[in-house]
Amino acid sequence: MSKYRNIVWFLKAMQEYTRGGYETASKHFVVKDLSADLGGRSFMITGANSGIGKATAMAIAKKGGTVHMVCRNKERAESAREDIVKESGNNNVHVHILDLSESRKVWEFTEDFKSKHSSLNVLINNAGSMVNIREVNFEGFEKNFAINTLGVYILTKGLIPLLEKSSEPRVITVSSGGMLVQKLRIIDLQTEKRPFDSTMVYAQNKRQQVVMTEEWAQAYPKIHFSVMHPGWADTPAVAKAIPDFYERLRSRLRSPEQGADTVIWLAISPAAARMPSGKFFQDRKMVPVHLPLAWTRYSREKARALMVRLEALAKRAQPSAGRSQLNCPIVDISGGPQDCIKKAA
Ligand SMILES: NC(=O)c1ccc[n+]([C@@H]2O[C@H](COP(=O)([O-])OP(=O)(O)OC[C@H]3O[C@@H](n4cnc5c(N)ncnc54)[C@H](OP(=O)(O)O)[C@@H]3O)[C@@H](O)[C@H]2O)c1
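Sequential numbering of the sequence shown, starting at 80, is according to this note's numbering.
In structure tokens, the structure reads:
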């Protein structure tokens, strides 16, 4: 089945995810969708120093929005900020340093941000990476999971109270079409029991982002959630994580601006806000989260079980969690971590 999924997916990807796919899709874009004046609205963008995140930050700054760039490297962040301010003429561009793989620091960041800002209109979970060997962070979480899944979970959960009291709040998460080849997994989240294949771990994390978005849309109706695939864009992440793919397809990749188009559309256009919350998008269109006949469908119970697991794992990393909680093993059966947390409390 996974072979069938991979073949169907690759044929679809070559048609839709490339620069040619963007050019075809963009013939149907409504130009005035992006004509909003963003003065007075604030946008937090993770990974805003490079690729799709930087292109998004630039477009928003040009339209007068306040931009909060959340980046892990101060030098790269400041240099990108300089470019954005210079090209947009907008000084309301702020740098925050945070490595999303450091789970406890993500909690600390959300608390600090909430204490300093009275509103946040849009959160864009763009940062993502594919770490090719299995590494764990301070809390014992596998790094791809910590960045792409738990980092997004903690940042979003932490900021929801602020988003909820801001006007017309939205959350956009940059996933990947690669998630279509993955069936949702709620056990072995740290990839300890199966061979470590970073491409599949990344794709699984991206599937989990889709599920988180669907579940948040149900749980927080005041906020408009969406998740999207940017297509295949020429960015440092692609060149570094999958160099063979990059070399072979380089001439057919989208520009970072083309990759960012749907992120921006979801973040600012009234047309996107009229779409139902919790959906998956590609080239400004709502698209299915499963390939035909691919056996990747999951029940609502399974999706909820993932959220329970993530909540328990996120709590381990909370600054208020005691040391004993951090020392609990990351048990991969449902109920394990909660039991440990109860004992530690
Ligand atoms: N490009 C594509 O074809 C493609 C396809 C599907 C999905 N995506 C998704 O698009 C998003 C943006 O990626 P991109 O292609 O634009 O690549 P990129 O140019 O390399 O940007 C990735 C950004 O994420 C940041 N980042 C990575 N790990 C981080 C961490 N632990 N903490 C904080 N920031 C971190 C990077 O920071 P540094 O600059 O410091 O490394 C960079 O700013 C990712 O979520 C990626 O999975 C991209």
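Here a beta-carbon is modelled for each residue, glycine too, at the ideal position from N, C-alpha and C.
Same chain, Cβ closer than 8 Å to Val164, neighbours up to 5 away in sequence not counted: Sequence-distant Cβ neighbours of Val164 in its own chain, meaning closer than 8 Å and more than five residues away, are Ala140, Asn170 and Val172.
Label Trp374 either buried or exposed according to how many other C-beta atoms from any shown protein chain fall within 10 Å of its C-beta, with 16 as the threshold for buried. Exposure of Trp374 is indicated by the presence of fewer than 16 other C-beta atoms within 10 angstroms of its C-beta.
Please tell me whether, using a cut-off of 6 Å, the distance from the CB of Asn205 to the nearest non-hydrogen atom of ligand 1 is below it. Relative to the non-hydrogen atoms of ligand 1, the Cβ of Asn205 comes within a distance shorter than 6 Å of at least one.
Classify His308 as buried or exposed, calling it buried when 16 or more other Cβ atoms lie within 10 Å of its own Cβ. By the neighbour-count rule (16 or more Cβ atoms within 10 Å), His308 is buried.
Is Ala140 near ligand 1 - that is, is its Cβ less than 6 Å away from at least one heavy atom of it? Taking 6 Å as the cut-off, one finds no heavy atom of ligand 1 near enough to the beta carbon of Ala140.
Are Ile131 and Pro335 touching if we call contact CB-CB under 7 Å? If you check the CB distance, Ile131 and Pro335 come in under 7 Å.
Top-ranked residue by Cα proximity to Glu271, from Ser254, Phe220 and Lys111: Looking at the Cα atoms, Phe220 is the closest of the given residues.
Over the uninterrupted beta strand (DSSP E) stretch that includes Gln361, give me the two end residues. It spans Lys358 to Gln361 - the beta strand (DSSP E) in which Gln361 sits, taken as one unbroken run.
Using DSSP with H/G/I as helix, E/B as strand and the rest coil, what is Leu392? Helix at Leu392.
Nearest-angstrom Cα separation, counted from Gly168 out to Leu268: If you take the alpha carbons of Leu268 and Gly168, they lie about 44 Å apart.
Ser348 vs Asp191 beta-carbon contact at 7 Å: Contact flag unset, no.
What does the Cβ neighbour count give for Gly207, buried or exposed, with the cut at 16 atoms within 10 Å? Within 10 angstroms of the beta-carbon of Gly207 lie 16 or more other beta-carbons, which makes it buried.
With DSSP collapsed to three states, give me the class of Ile108. Contrary to the premise, residue 108 reads as Phe rather than Ile in this sequence. Looking at Phe108 - three-state DSSP - the assignment turns out to be coil, as it is neither helix nor strand.
Helix, strand or coil for Ile233? Go by DSSP, reduced to three states. Helix, per DSSP.
Going straight from the alpha carbon of Glu187 to that of Leu392, what length do you get? Each residue's alpha carbon lies about 16 Å from the other.
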